[in-house]
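These protein sequences, in sequence, are chains R and S. According to my numbering, the stretch in the first sequence is residues 5 to 352, in order. According to my numbering, the stretch in the second sequence is residues 5 to 352, in order. So the structure is just underneath, and the comments pick up after that.
2 protein chains.
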Amino acid sequence: MKEIVLEARAREILKDIIANYILSGEPVGSRMVAKMTREGLSPASVRNVMADLEEMGLIAQPHTSAGRIPTEQGYRYYVDELLEGGALPARDRAVVDAHLARVKGEFSGTMEQVPKLLSLLSHHVGYFISPPVADAILKHIEFVRLHERRILVIFVDASETVSHRILDTEEDYEARDLERAGRYLVEEFSGETLDQIRARLVALMAEEKSTFDHLLQNAVALGTGYLEAEAGERKLVMEGTTNIMNHPEFADVETMRLLFQTFEEKHRLVKLLDRCLDQAGVRVLIGSETADPALGNLSLVASPYRLGDGGRGWLGILGPTRMEYDRAVALVDYIARLLSGYLTRQNG
Amino acid sequence: MKEIVLEARAREILKDIIANYILSGEPVGSRMVAKMTREGLSPASVRNVMADLEEMGLIAQPHTSAGRIPTEQGYRYYVDELLEGGALPARDRAVVDAHLARVKGEFSGTMEQVPKLLSLLSHHVGYFISPPVADAILKHIEFVRLHERRILVIFVDASETVSHRILDTEEDYEARDLERAGRYLVEEFSGETLDQIRARLVALMAEEKSTFDHLLQNAVALGTGYLEAEAGERKLVMEGTTNIMNHPEFADVETMRLLFQTFEEKHRLVKLLDRCLDQAGVRVLIGSETADPALGNLSLVASPYRLGDGGRGWLGILGPTRMEYDRAVALVDYIARLLSGYLTRQNG
DNA sequence: ATTGGCACTCAGCAGTATCGAGTGCTAATG
DNA sequence: CATTAGCACTCGATACTGCTGAGTGCCAAT
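Printed below as a string of structure tokens:
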């Protein structure tokens, strides 16, 4: 995409148009802008500039006799160039602090609270995506015999996330062996990520094949069984989806139906964010940039967070393209930083 | 409520009106009914009967020059008196059988599949409510030391439901003691419900207070800690909420917003069903009978299921009052019976 | 008891007129 | 030469109109 350069006045006017539209939701006319802008420009002059902005594709008219609304590119420019990254208001910071302090360090509580907070303070949809299980750090693992050839695997992550899975095995294991297998795995691999463990297990098996005793083989078999089942999985929690309905641009029932169906297939959003996994800091995807037609004209504000050394997850806000980006970015950024601090400290 | 008695012809006509309205969603006029009814009644005669039915409050006109639609009482009469309880079509039975066979006996899988099935086959919202935790039967319990004074309790139910909870304790327990405590509880209380266990624990403590060794005290303390935290809790899974949007009677965005907000507070539905816990068999609540204004003109079809001896849960369908009650009832009934069979057998 | 006939009601729809917000262009202005 | 006042024009929104047709209630005829 070619660089867009605007002189000061055009920038000012574009900013006014977008800011106004975000607040009111209605097309902004030249008179309105003329009133807002500091220097007493006449509507006619403003119109000239607006014509230029329209030619550049930054704003558009819904119909001939209407004011202008931002295009996606307009929002893009606004977010990239015109937003001065203010801090989150103290009031909101206090709310976040209070809620997160209560679940400090406990991952499952965090997973509940964060999307609620994001939704509450933004009035949009808040989401929280856990790091991939493959990056989880082993703290404890336990095998429980349920029946013959049916074993419950319980896995505890360094951040105290508990997950479990029922495995149907070929062989029938005895409770005592399972216990020892679990203890062995904890002693040997505690503190490593599942990916690392998997790698070392394979290496160990190749290297010392002959010297393996039955116990170790069991542990390995069960461990890899668990790993394979869980590996790429991530959990997504969304909160406040009904907020979407408050916005007039989604008054159309058909659009809404599509949208909510998308919400039900959560993995889509996860995939979407995986594509920009490399990025650090807050990232904003506007409208069609999400590359998911079902998301229609929604925007996504996302930030990664670090879970100790154990991997990265995502959190953020999903709302209409007409969103208060400054607030949204500040909020997401604040929570992501705070959370990384908590979870990392807790884990060190 | 006073008994309503109708002669054969009125019953026939009422049934035709409601059946037709359920299918078409549009008010049914006298001409329409005259065409359907076997004996060649003229529209004028039908009108007379309709006037009677309206007087009795079973049907109503949305406006003067429109046909009739059923009132809530009309639906009530229809469901109670006019519905011949046909069996679920073989086609649907096959779908249910196929899906449930795959998760046969495994509770967590069932909990996922059942609401999906209900939603899929009814095109409405399917829900599934687990039995209260207090009725769960202990199969295995395990304590894991996470930090000092921070313990993970893992509880496995006879139906292989796994739940866990993190407890912050007063005392710092050693890993070895925790292990022994867990083993003690399993040996002593395995096969009993949490409620029974709680009762016996209290009794034991009162009775042999002096002879208690430290270990047992620990086990009791931890066990009751877990019990108190979890006791009344039940889980609710809902599926297919977007189906609601397909129905024209919910085209209004404001109604829909309210409805979805209600869906987010799941406990409401649970409470609702707890009020009719005594009932056996399929139960139908129509419109305001749900006693929850936010549910607007929705109806609820519900049936309890038995989880072995371990307690009862609920499953069912939530849809517009204009619902194919015969199909819905047959579906809910079939799944509830099938499930009770599976889960009970598995557990014996 | 049933039914044909008839006057009546009323939602929905299409057509029409009006209004006003906002534009683009042009000519006048400092 | 940038700015601006003025003006003709466009077009969505709104309100009013009349028409149509589905459906009713009632009454008199069968």
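For every residue, glycine included, the Cβ atom is placed at its ideal position computed from N, Cα and C.
Which of the three DSSP states is assigned to S:Tyr131 in this structure? strand
For the stretch 140–152 of chain R, which residues have a CB atom closer than 7 Å to at least one CB atom of chain S, in sequence order? His144, Glu146, Val148 and Leu150
If the criterion is Cβ atoms closer than 9 Å, does the pair R:Thr246 and S:Glu268 meet it? The answer is yes: Cβ separation under 9 Å.
With R:Phe254 as the anchor, note down where its beta strand (DSSP E) starts and where it stops. Neither: R:Phe254 is in no beta strand (DSSP E) and is coded neither H nor E.
Should S:Val9 be labelled buried (16 or more other beta-carbon atoms within 10 Å of its own) or exposed? exposed
For a test of the three-state rule: what should DSSP assign to S:Leu343, helix, strand or coil? helix
Starting from R:His168 and walking both ways along the beta strand (DSSP E), at which residues does that stretch end? Residues Val166 to Asp172.
Less than 6 Å between C-beta atoms, sequence neighbours within five positions excluded: which residues of the same chain meet that for R:Thr114? Val107
For chain S, find out if any of its Cβ atoms is closer than 9 Å to the Cβ of R:Glu196; answer yes or no. no
Within 9 Å of any Cβ in chain S, is that where the Cβ of R:His168 sits? With 9 Å as the cut-off, R:His168 counts as an interface residue toward chain S.
Measuring only the C-alpha atoms, how far is S:Val4 from S:Asn24? Examination of residue 4 of chain S is not possible in this model, given that chain S is present from 5 through 352 alone.
Do you know how far the Cα of S:Asp139 is from the Cα of S:Asn351? Low confidence applies here, because S:Asn351 scores a pLDDT of 44, under 50, leaving its location unreliable and the question unanswered by this model.
Here's the rule: buried if 16 or more other CB atoms are within 10 angstroms of the residue's CB, otherwise exposed. What is S:Ala48? exposed
Report back the beta-carbon spacing between S:Val288 and S:Tyr329 to the nearest angstrom; my notes put them in contact at under 8 Å. 7 Å
Determine which residues share a DSSP beta bridge with S:Tyr2 and list them. No answer is possible for residue 2 of chain S: the residues shown for chain S start at 5 and end at 352.
CB-CB length for R:Arg149 against R:Ala179, believed under 8 Å: The pair is a contact, with the Cβ atoms about 5 Å apart (cut-off 8 Å).
Of all the CB atoms in chain S, is at least one closer than 9 Å to the CB of R:Ala255? yes
Are three or more beta carbon pairs between the stretch 258–265 of chain S and the stretch 45–60 of chain S nearer than 8 Å? no
Measure the Cβ-Cβ separation of S:Arg97 and S:Ile21 and say whether it is below 9 Å. no
For the alpha helix (DSSP H) containing R:Arg310, name the first residue and the last one. Counting along the chain, R:Arg310 sits inside no alpha helix (DSSP H); it lies in the beta strand (DSSP E) bounded by residues Leu302 to Arg310.
Does S:Asn351 have its Cβ less than 9 Å from a Cβ in chain R? Note that S:Asn351 scores a pLDDT of 44, beneath 50, so its modelled location is shaky and nothing firm can be said.
In this structure, does DSSP put R:Met242 in helix, strand or coil? For R:Met242, the three-state secondary structure derived from DSSP is strand.
Please confirm whether S:Met115 has its beta-carbon closer than 9 Å to some beta-carbon of chain R. no
Residue-chain proximity (S:Asn250, chain R), Cβ-Cβ < 9 Å: yes
Should S:Glu146 be labelled buried (16 or more other beta-carbon atoms within 10 Å of its own) or exposed? buried
Which two residues bound the contiguous alpha helix (DSSP H) that contains R:Leu124? Counting along the chain, the unbroken alpha helix (DSSP H) around R:Leu124 starts and ends at Phe111 to Ser126.
Does any C-beta atom of chain R lie closer than 9 Å to the C-beta of S:Thr173? no
Residues in its own chain within less than 6 Å of R:Leu304 by CB, not counting five upstream and five downstream? Cβ neighbours of R:Leu304 beyond the five flanking positions: Leu289, Thr294 and Leu322.
Run down chain R in chain order and give the residues with a C-beta less than 7 Å from the C-beta of S:Glu268. Thr246
Sorted by chain position, which residues of the same chain lie with C-beta nearer than 8 Å to S:Lys270's C-beta, five sequence neighbours on each side aside? Leu240 and Met242
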